[in-house]
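Take a look at the structure set out below.
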Amino acid sequence: MDSLQKTVHQEGEGSSPRFGDQVIFFFKELKADGQIIHMQEPHLTFPASGDTFTVLHAVVGVENRLGEHRMAILQQGFNFFLDSITSMRKGEIAEFYVKDLDNTGDKQSECSLFVELKDFYPLPAGYAPAHVGYNPRPENSQENAARPYLDLQSFGR
Numbered sequence: 011m012d013s014l015q016k017t018v019h020q021e022g023e024g025s026s027p028r029f030g031d032q033v034i035f036f037f038k039e040l041k042a043d044g045q046i047i048h049m050q051e052p053h054l055t056f057p058a059s060g061d062t063f064t065v066l067h068a069v070v071g072v073e074n075r076l077g078e079h080r081m082a083i084l085q086q087g088f089n090f091f092l093d094s095i096t097s098m099r100k101g102e103i104a105e106f107y108v109k110d111l112d113n114t115g116d117k118q119s120e121c122s123l124f125v126e127l128k129d130f131y132p133l134p135a136g137y138a139p140a141h142v143g144y145n146p147r148p149e150n151s152q153e154n155a156a157r158p159y160l161d162l163q164s165f166g167r
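As numbered in the numbering used here, the sequence shown has no gaps in its residue numbers, which increase by one up to the final residue, 167.
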């Protein structure tokens, strides 16, 4: 069984982002498998409800040559990180650590993300993803139809 650990290195202030908010993060350091991972985009803005693969590929790049094993390790770390976003506060610096993913007792299956929550803000009405649980505009009216949600798949292209 893997071990998940969040260590706060600097406390944040104010409120925490909600699931439908846009968040701005700075990825200070990323390690997987005992190796420091090069980040294509360390400053990133994305929805707090962001998809793991989309956010991971935006940070490390789509054509990253990390290999399947390292990407699987990073995916576990990013899953833990994304699940914890709504518990962070603005200005908080934290490390998200996933230990021994392969249950082998070595550092070849560990992931560490060192991040800072720079800011967050609510998305405009109509931009929240459907699973946030509200739709402020009626879908049956062409004029008032909800605008499409922010597409992060265009990152890295």
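Glycine included, C-beta positions come from ideal geometry on N, C-alpha and C.
Check, Outcome
"Separation of L14 from S119, as counted between CA atoms", "13 Å"
"Extent of the continuous beta strand (DSSP E) run through S122", "121-132"
"Inter-residue CB distance, I95 and A58 (contact presumed, cutoff 8 Å)", "5 Å"
"CA-to-CA distance, G71 to E51, given in whole angstroms", "8 Å"
"F88 (DSSP reduced to helix, strand or coil)", "helix"
"Boundaries of the alpha helix (DSSP H) in which L66 is found, first to last residue", "62-70"
"Collapsed DSSP secondary structure at S13 in the structure displayed", "strand"
"Backbone secondary structure at H79 - three-state DSSP", "helix"
"Beta-carbon proximity check, L127 vs G101, cutoff 8 Å", "yes"
"The beta strand (DSSP E) enclosing S103, as first and last residue numbers", "The sequence shown places Ile at residue 103, rather than the Ser named in the question. It spans 103-109 - the beta strand (DSSP E) in which I103 sits, taken as one unbroken run."
"D31 to K109 span [Cα, whole Å]", "29 Å"
"Cα-Cα separation between E78 and S97, rounded to whole angstroms", "30 Å"
"Collapsed DSSP secondary structure at D43 in the structure displayed", "coil"
"Beta-carbon spacing of F130, F106 below 8 Å", "no"
"Beta-carbon gap between T62 and L92 smaller than 8 Å", "yes"
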